[in-house]
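Chemist:
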Amino acid sequence: MYRDILVHIDNSAPCAQRLSVALKVAKAQKAHLTGLFLLPYAEIPRFMEVQISQEIVNQQRAAMAETAKEAKRDFAKACEDAGVTFSWQETPCSAAEIADTVAMYARHHDLTVLGQYDPDSADPSSTSEMPDKAILTAGTPVLVVPYAGRFETIGERVMVAWKPYREAVRAVNDGMAFLENAKSALVLCADPNKGARDSIPVPGVDIGSRLERHGVNVRKENMNASGISVGDLLLSRAADESIDLIVCGAYGRPRLRELMMGGVTQHLLRHMTVPVLMSH
């Protein structure tokens, strides 16, 4: 079970649902919840230092500190109302260090809850490197919550995006705390015979049997993504099955290649409709 959970707190509108999901998981797992609030500061080029007074810099930092104080108060109230033990971390970092700072904190927790990147967010800690860089470098599972939608349940009906690859195996192991408590689980292997890295004839059978031995109410499906991408197939089946959590290995191919050519990880991060647990 997850006993120590980290959630990224900011001032964006979607943060309320992100915290709600984190509290649901923490309560179900009897876990301690830590709120992480970043105070990103602008790095001022040397040639501009004479144009920006220290007073302006101090005013900016004071405003950020006040914002952090308000966020901490709201976080504490939400945790107390939910009956979840909690702690608070806030740290300054440069804008370029946001994802690395989150990953550093994530390494000291069982699970990290982050928000999907929102291109319209004005929050200073919103960056296009989040959450995927944190997923790549944290070494621990990351639960990504969409920036749109409400999520009343989490982990009752789970989909496992499966192929017998290292990343997927890691995701299943990291997501076992959800799977063992799920009402139902669907193991979906999309395009089972396309680009296989091994000789297993029917991917999905062995992992299904393994999950059954863990007491998981599981069924298996093999489907070919005919005319649509694998990412679209996963999201379509998730909608059909009223899935409230997808468990997926992240970046089986190099991140740069996925950024340039597309891939399942990037597709889910951009178009997710339900929370996704990812491991690399």
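Under numbering that gives the first Met the number 0, the first residue of the sequence shown is numbered 0, with each subsequent residue one higher. Note that CB positions come from ideal geometry on N, CA and C, so glycine has one too. This structure is a prediction, so every number in the text was calculated from the model and none was measured.
(1) Using only the alpha-carbon positions, how far apart do Ala64 and Ala77 sit?
(2) Quick one: give me the first and last residue of the alpha helix (DSSP H) that Ala25 is part of.
(3) Nearest to Ala224 by alpha carbon, out of Val217, Leu232 and Arg17?
(4) For Gly114, list the residues DSSP reports as bridge partners.
(5) Go through its chain and collect everything with a Cβ distance to Val217's Cβ below 7 Å, but skip five positions before and after it.
(6) Inspect the beta-carbon positions of Pro274 and Leu142 and report whether they are closer than 8 Å.
(7) Does the structure place the region 232 to 244 close enough to the region 116 to 129 that three or more beta carbon pairs sit under 8 Å?
(8) Could you please give the first and the last residue of the uninterrupted alpha helix (DSSP H) stretch that includes Ser235?
(9) At which residues does the alpha helix (DSSP H) containing Arg269 begin and terminate?
(10) From Ala21 to Trp87, what distance separates their C-alpha atoms?
(11) My output table needs one value for Ile97: the three-state DSSP class, helix, strand or coil.
Modeler: With the given structure in hand:
(1) Take the alpha-carbon of Ala64 and the one of Ala77: they are about 20 Å apart.
(2) Looking at the DSSP string, the run of the alpha helix (DSSP H) that includes Ala25 is Cys14 to Gln28.
(3) Of the listed residues, the one whose Cα sits closest to Ala224 is Leu232.
(4) For Gly114, DSSP records a beta bridge to Val144.
(5) Ala184, Val186, Gly207, Leu210 and Glu211.
(6) The beta carbons of Pro274 and Leu142 sit closer together than 8 Å.
(7) With a cut-off of 8 Å, the region 232 to 244 and the region 116 to 129 do not count as touching, because too few Cβ pairs lie within range.
(8) Annotation: the continuous alpha helix (DSSP H) that includes Ser235 extends over Val229 to Asp239.
(9) For Arg269, the uninterrupted alpha helix (DSSP H) segment begins and ends at Val263 to His270.
(10) Roughly 14 Å between the two C-alpha positions.
(11) Three-state DSSP puts Ile97 in a helix.
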